[in-house]
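In the numbering used here, the protein residues as written are 489 to 771.
Just so it is clear, CB atoms sit at the ideal spot from N, CA and C, and this is done for glycine as well.
All values derive from a computational prediction rather than experimental measurement.
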């Protein structure tokens with residue numbers, strides 16, 4: 489059931505308390521998010537297994553028949569383990585009640601949850617994926633309703649722990665860095681100056697860069713490059729015939745530099761990565 493990454497339209501009703509942000513289902517590749525993700529995200533594993541690591545040193549194995557929900561901004565990384573391809577369905581969602589709904593359903597954050605079955609989630613996942621392409625504002629309430637039903641169904645299928653896990657608190661500096669990471673993600677295809685990013689969060693360039701490195705262990709520039717490479721992977725997954733040169737151009741990178749950076753990050757060239765992906769992703 490391959491469903492390439494889709495980003496839902498932000499032009500839909502922004503006042504909705506619950507809205508779809510992104511969705512997909514495919515053989516998962518390694519991802520590193522040192523400042524977490526912009527919205528809560530739910531993962532459902534349909535096949536294979538992978539490892540999830542958190543900034544505090546904690547790690548867990550997420551395998552077929554399990555789900556996990558991460559709150560906004562929780563630093564993490566994940567990657568497939570040897571064996572069958574790690575087929576993961578994922579949904580990012582946002583809105584005033586996004587995290588409150590998860591907590592209200594008794595679903596824990598940052599924990600592997602066993603499901604009674606995953607087959608019941610396939611059709612609702614595919615429906616939401618199809619709706620993610622819908623740009624008609626009048627459809628926004630319908631999409632929100634289907635998303636609400638999906639989270640309730642996930643709760644019904646889950647073997648829940650005795651008590652839900654509460655959301656961690658965030659300091660003002662952590663909130664500022666989260667906003668900076670979000671700004672970089674929203675503008676990753678543009679020419680970004682560190683001075684502009686620092687200004688967005690209200691810090692001097694030197695103070696911003698020091699805080700970012702202390703918090704996440706890498707420079708803002710390295711983080712931005714990671715975002716761009718992740719976007720490149722998505723395009724490689726979605727567009728079998730898009731030239732590597734075009735992908736580099738969309739990211740504002742010189743092709744040879746892009747190929748070197750990609751190979752350093754993923755151990756193979758963009759072309760070889762896509763060839764392997766399309767030859768094995770047959771679900």
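The Cβ neighbour count for residue 710, taken over all protein chains shown within 10 Å, is under 16; the residue is labelled exposed. Residue 556 sits buried, since 16 or more C-beta atoms from the chains shown fall within 10 Å of its C-beta. In the DSSP assignment, the residues bridged to residue 530 are 557, 579. Going by C-alpha positions, residue 737 is about 25 angstroms away from residue 491. Less than 9 angstroms divides the Cβ of residue 629 from the Cβ of residue 504. Looking from the CA of residue 715, the closest CA among 620, 619, 670 belongs to 670. Here residue 676 has 712, 715, 716, 719, 739 as same chain residues with Cβ atoms under 8 angstroms from its own Cβ, once five neighbours each way along the sequence are excluded. Per DSSP, the continuous alpha helix (DSSP H) segment holding residue 663 begins and ends at 660-674. Remark: C-beta atoms of residue 721 and residue 517 approach each other more closely than 9 angstroms. Below 8 angstroms, too few C-beta pairs join the segment 579-587 and the segment 544-556 to call them touching: fewer than three. Shortest Cα-Cα distance from residue 550 to any of 560, 573, 528, 562 involves 573.
Scanning the segment 563-645 for uninterrupted beta strand (DSSP E) segments of 3 residues or longer gives 564-568, 575-582, listed from N- to C-terminal end. By the criterion of a C-beta distance shorter than 7 angstroms, residue 661 is surrounded in its chain by 699, once the five residues flanking it on both sides are discounted. With contacts defined by Cβ atoms closer than 9 angstroms, residue 631 and residue 507 form a contacting pair.
The Cβ atoms of residue 589 and residue 646 lie no closer than 9 angstroms to each other. Look at residue 551 here: in three-state DSSP terms it is strand. Closest in C-alpha terms to residue 605, from the list 592, 533, 537, comes 533. Taking the Cβ atoms as the reference, residue 757 lies roughly 10 angstroms from residue 746, outside the contact range of under 8 angstroms.
DSSP places residue 691 in the coil class of the three-state scheme, outside both helix and strand. In the three-state reduction of the DSSP assignment, residue 490 falls in the coil class. Going by beta carbons, residue 524 and residue 559 fall inside the 9 angstroms limit. Around residue 520, the same chain offers 565, 714 as residues with beta carbons nearer than 7 angstroms, after the five sequence neighbours per side are excluded.
Closest option to residue 659, judged by alpha-carbon separation, among 539, 528, 561, 535: 561.
The alpha-carbon separation between residue 724 and residue 759 amounts to approximately 8 angstroms.
In summary, residue 569 is exposed, with fewer than 16 beta-carbon neighbours lying within 10 Å of its beta-carbon over all protein chains present. Shown here, residue 525 sits in coil according to DSSP, grouped into three states, outside any helix or strand. If the five residues before and after residue 522 are omitted, its C-beta is found closer than 7 angstroms to the C-beta atoms of 563, 704, 705, 706, 711, all from its own chain and listed in chain order.
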